[in-house]
Structures are given as C-alpha cells and as structure tokens.
Amino acid sequence: MIGKLRVVNSLTKEKEVFEPLNSPHVGMYVCGPTVYSDVHLGNVRTFTSFDVVYRYLKFLGYKVRYVRNITDVGHLLDNSEEDKISKKAKLENLEPMEVVQKYTNDFHRVMELFNNLDPDIEPTATGHLIEQLQMIDELVEKGYAYESNGSVYFDIEKYNKEYSYGKLSGRKTEDLLSQTRELDGQSDKRNPLDFALWKNASPEHIMRWKTKWGVGFPGWHLECSVMSTKYLGEQFDIHGGGMDLKFPHHECEIAQNAGTHGNDGAKYWLHTNMLTVNGTKMSKSLGNSFLPKELIAGDHEMLDRGYSPMTIRFFMLQSHYASTLDFSNEALNAAQKGYTKLANGLRYVQEVAYPEGTQEAPDEKQISQIKKICENCHHAMNDDFNTALTIGHLFNLLKKFNSLQTGQLQFGQLGKEVFDQMKTTFLGFTQDVLGLRLELDLKGEKLVDVVLTEYKAAKEAKDYEKVDALRAELKQLGIVVKDMKNQIDWAFEE
Ligand code: AMP
Ligand code: ZN
C-alpha cells in the first residue's frame, strides 16, 4: 500500500487517517433512493461518488460490506399527511408496491448504465418493520421516546441531557427551536423538535401497519438506524449520503443510535456535495432535474446533443465529491473530449504488450518520472478520494504511453518491470477504481474490424467512393479511421 487513506469526516470536520474498526473488514452504509419516481442526475452523482469509495476500498484490499437501502415507505415529513409513494400509487392507480417495484427496477438499470457496482446488501424499509418496532420499544423503555395519540416521538429534551442533538450538522437546539414554527400536526409533540418514530395513519393512508401503537407507519429516519445496526453492527466504519441528508436525517439517525446503544453508529460520516444547474441544487421538487435518459438522448432544451453514460461519469469524477458540480452543456462537451481521449488511451493500453528481446539501455529519468506518476495516482485517491486529481495523473501516464506508441520512447528504456507497473496502474485506476469502461463491447470492436477489412479492400482496389462512404458511416458512429504507413486502425473521435 502506498501511503494512507485519509477521509474528511463530517462528524469531526477533520481529515482523518482511515482506520477501520475491524480491519480488513469495512462496513459501509449509504442511504439509498426513495422509490417513488425516476432518479435524476443529482442522485446519480451521489451514488457514483460512493461507488468510487467502495471501489477504492476494495482496490486497497479491504473486505467491504456495502449496504445501500431502498426507502420504500415514502418520506415521512412531519407535516405531510401523505407519503410520496402512496400519493404516486393513487395518481397512477397502482398498488404502492407496484410503484416501489417500478422505480426500484429503474434505479437498478440506471446504476448499471453508469457502471456502479451492486451493493452487498440492499435491504428495504418494509422488509424491516419488526426491527423498527423493536427499536421504538427500546427507545421508549430507555425514556428517549414517548407515545402520543397513536404516534411515537423521539424526545429531544431528554436526549440532550446526556447527548447533543445537532452535533453532525453543527446546529444548536436553541437556534433550531427559534426557527421552528408550530404547525398543524405538531401538537402531539412535547417539543417541536421531536421527530416521529411512528406515525398514526389517517384513514386514507394506504401504506399502514397495525401495531400496539395503533395503525400507522414508521418514520423515515428509523429505517437507516435499524438496517445499519442489523447488517453492520452498532459501530461500523462509514456512513454516507448527500449533503442534504446531514440534517435532519443523519442527525436523527445518530440520536436514535445513541439512544438505543450509546454509539453514533458510524465512525466516519461522508457527505457528497450537490449537482447544481445554474448554481441551484438539482431537485425533483424544483423542476430543474435531468433524467439520465434525457441526457443520453439529448432530449432537453439545455442540451445540443446526447452524451454517453461514461462521458457523464467522467464529467462527475472530474470534480471532488465534496465540491459542488454545475451541470451545463459546455461542461459536458469538455467531458466528452476528455473521456474520448482517455478511452482511446485505454484501448491502446489494454492491448499493448512488452516486446521480447528489447536491448535499449534504461532511461533513469523516464523511469523515475513514471514511478512518480504511478505513486501520484495513489496519493490523489488517498487524499479523500480525489478523483479529479487522479484523472490528471492518468493523463500524464497516457502521455508516456503515447511516447511508446509513437516510438519516441523505447520499451527497453523502461524495462519490463516499470512497463508492467505503468500498465497495471493505468488499468487499475481507470477501470477498477474510477469505474470507467469502454463503451464499445467486444462485439462492437469486431464489427468495426469487419468494416475496416472492407475499407482496406476498397482502398487496394482504388474504389475511393466506397472508401469515403465507409469512412463517413464510421464517423457517424463516432469512430475515425486512422490510415497509417503500414496499417489501418481506428479511434473514438475526440
Ligand atoms: P432521495 O431519493 O431524494 O432520498 O435522494 C437520494 C440521494 O441523492 C440522497 O443521498 C440525496 O442526498 C442525493 N441527492 C439529491 N439531490 C442531489 C443533487 N442535486 N446532487 C447530489 N446528490 C443529490
Ligand atoms: Zn438513510
């Protein structure tokens, strides 16, 4: 291992050396989607960021258990009468579970499209009702929760006698209280900041369960405390989500965890920053969200064409996960150029082999430059998963490969060991860590080869009309033919 991984922990606000509680095992929990509508590109950014975290931890040799839940009970906002899944079910005349299944399937397809790995466990809120009721019982027994009119609330005042509500988001109870207006439906609570663990269901509410508290449904924050504890233990390593989940969601999770078993839950809390459009957070409710399918088809007024999933992934990884990222057609255009360059490099590196019998004397300067670039890739990822810097180093490595390809640099000047190191580093970081893949599969490559054979034959027969036609056909598909002295090759159009 080169250097140590350091992560910015939202809980301590410090960049800390990552030391798993039970190395080499690492437990990681990421809040998953609420499955009542299509995931938008902002959601994809957060899940892709954690995909890279997962990939890098595995790359470092940790045995990671990655749990990402599915929220299939609809967000329960304290003042809303109806959860979003029920609302959608009524609107579309579906069973709530049909809504859940439809958008869970959609979510999985989107994750696959962007080459995000599957989590190891994907638990659902509805599948853990019993455990949620057990946690409520425990909190009531310990005096951190109380029943009121068929609902159960977490008691912030009682909690604050031993713990500190707001420590993750840095909010003070007094300030929160002064910002809270007493709204309808809050009157069941002893304190306006108390949040629901269980909510009494109105007669028209569809998703409902009968319990000793009456007919109702669980609070949103509860499921993540329950499922992270169940699958990763009372103390585990990483808890992640978007910045907007810090408060109240993760703050409430910490309160529930501490109230039940005395621990915060996770040791490191990681938060991704928002994908914005013209500086405003991309969100379903603001109506400024982009769906992956719109982006790929170019079917949106802000776009002048479509972009491929790997271009979009590259675009996202060009910024650090904790910085905001602004979405625009220009930024995607630039990402398209960058990704194509990397993809052309990747095609070459995948194929290139060290030639036998090379005799050149080693070039120590080149060797040390290459070793340094390889180390830099590790250092960049070790620095709180800095994918943007890593991409920069990969381009530097690509320059060395280009020199090998053009003959400016001889393989023998590097020697097999250094050549292998640069190849392994390039492939490992591009494919395994960043999760970037070629968008033409083996079949596609073979088809291009078939067209190139035709092209070659047409050229030999001096049938220039056909040569031009084949060239134009390939160009339409984003592939350019490269006529070289002794051979004909192709590349993705940059
Ligand atoms: P939701 O399904 O709304 O709970 O969101 C799923 C995940 O996407 C959460 O971790 C959110 O914090 C995250 N998220 C929502 N909007 C954005 C955005 N514009 N940029 C980045 N992440 C987002
Ligand atoms: Zn959660």
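Letter by letter, the sequence shown follows residues 28 to 521 of the working numbering. Think of the CB as a built atom: it goes at the ideal place given N, C-alpha and C, for glycine as much as any other residue.
Proximity below 9 Å, CB of residue i to CB of residue j
{"i": "Ile400", "j": "Leu416", "result": "no"}
{"i": "Asp264", "j": "Met408", "result": "no"}
{"i": "Tyr295", "j": "Leu38", "result": "yes"}
{"i": "Ala152", "j": "Val94", "result": "no"}
{"i": "Ser252", "j": "Gln206", "result": "no"}
{"i": "Phe438", "j": "Glu387", "result": "yes"}
{"i": "Ser175", "j": "Lys239", "result": "no"}
{"i": "Val53", "j": "Val91", "result": "yes"}
{"i": "Ile97", "j": "Thr75", "result": "no"}
{"i": "Tyr491", "j": "Ile515", "result": "no"}
{"i": "Leu68", "j": "Ile418", "result": "no"}
{"i": "Ala324", "j": "Gln345", "result": "no"}
{"i": "Gln159", "j": "Glu250", "result": "yes"}
{"i": "Gly267", "j": "His248", "result": "no"}
{"i": "Leu186", "j": "Ala293", "result": "First, the amino acid is wrong: residue 186 is Tyr here, not Leu. Cβ distance not < 9 Å, so Tyr186 and Ala293 don't count as in contact."}
{"i": "Gln448", "j": "Tyr375", "result": "no"}
{"i": "Asn49", "j": "Pro336", "result": "no"}
{"i": "Asn300", "j": "Met270", "result": "yes"}
Extent of the continuous beta strand (DSSP E) run through residue i
{"i": "Ser178", "result": "Ser178 to Phe181"}
{"i": "Ser175", "result": "Ala172 to Ser175"}
{"i": "Pro245", "result": "Gly241 to Pro245"}
{"i": "Ile506", "result": "Ile506 to Asp510"}
{"i": "Ala223", "result": "Ala223 to Asn227"}
Classification of residue i by the beta-carbon crowding that lies within 10 angstroms, buried from 16 upward
{"i": "Thr157", "result": "The question names Thr, but residue 157 is Ile in the sequence shown. It is exposed - the Cβ of Ile157 has fewer than 16 other Cβ atoms within 10 Å."}
{"i": "Thr287", "result": "buried"}
{"i": "Leu474", "result": "exposed"}
{"i": "Leu103", "result": "Any reading at Leu103 must be qualified, since the residue scores a pLDDT of 47, below 50, and its modelled position is unreliable; the value itself is stated next. Buried."}
{"i": "Ser191", "result": "exposed"}
{"i": "Ser214", "result": "exposed"}
{"i": "Val80", "result": "buried"}
{"i": "Lys502", "result": "exposed"}
{"i": "Ile506", "result": "buried"}
{"i": "Val460", "result": "buried"}
{"i": "Ser255", "result": "buried"}
{"i": "Ala228", "result": "buried"}
Nearest-angstrom Cβ-Cβ length linking residue i and residue j, presumed shorter than 8 Å
{"i": "Gly243", "j": "Gly177", "result": "6 Å"}
{"i": "Arg33", "j": "Asp410", "result": "6 Å"}
{"i": "Lys493", "j": "Ala499", "result": "In fact, because the Cβ distance is near 11 Å, the residues do not count as touching under 8 Å."}
{"i": "Asn218", "j": "Glu184", "result": "5 Å"}
{"i": "Leu421", "j": "Lys427", "result": "Between Lys427 and Leu421 the Cβ distance is about 11 Å, and since that is not below 8 Å, they are no contact."}
{"i": "Arg82", "j": "Gly462", "result": "6 Å"}
{"i": "Leu465", "j": "Leu373", "result": "6 Å"}
{"i": "Ile163", "j": "Trp225", "result": "6 Å"}
{"i": "Phe222", "j": "Tyr180", "result": "7 Å"}
Span of the alpha helix (DSSP H) around residue i
{"i": "Gly341", "result": "Looking at the sequence shown, residue 341 is not Gly but Phe. Taken as a continuous stretch (DSSP letters only), the alpha helix (DSSP H) holding Phe341 covers Pro336 to Leu344."}
{"i": "Thr451", "result": "Phe438 to Leu454"}
{"i": "Val167", "result": "Leu156 to Glu168"}
{"i": "Phe428", "result": "Thr414 to Thr433"}
{"i": "Glu280", "result": "Glu278 to His288"}
{"i": "Arg33", "result": "Taken as a continuous stretch (DSSP letters only), Arg33 belongs to no alpha helix (DSSP H), being part of the beta strand (DSSP E) at Arg33 to Asn36."}
{"i": "Glu125", "result": "Pro123 to Leu140"}
{"i": "His406", "result": "Glu391 to Asn409"}
{"i": "Asp78", "result": "Leu68 to Phe86"}
| message | Would the region 113 to 133 count as touching the region 52 to 63 if we require 3 or more Cβ pairs under 8 Å? | response | yes
| Can at least three beta-carbon pairs, one atom from the region 303 to 322 and one from the region 342 to 354, be found at a separation below 8 Å? | Yes, the region 303 to 322 touches the region 342 to 354.
| request: Would you list the residues whose beta-carbon is nearer than 5 Å to any heavy atom of the ligand SAM, in the order they occur in the chain? | output: As for the ligand SAM, it is missing from this structure, which binds only the ligand AMP and the ligand ZN.
| request: Evaluate contact between the region 389 to 400 and the region 368 to 379, counting only Cβ atoms and requiring at least three cross-stretch pairs below 8 Å. | output: no
| query | Using 8 Å as the threshold, is the region 307 to 321 in touch with the region 379 to 391, meaning 3 or more CB pairs across them? | reply | Contact annotation: the region 307 to 321 does not touch the region 379 to 391, with fewer than three C-beta pairs closer than 8 Å.
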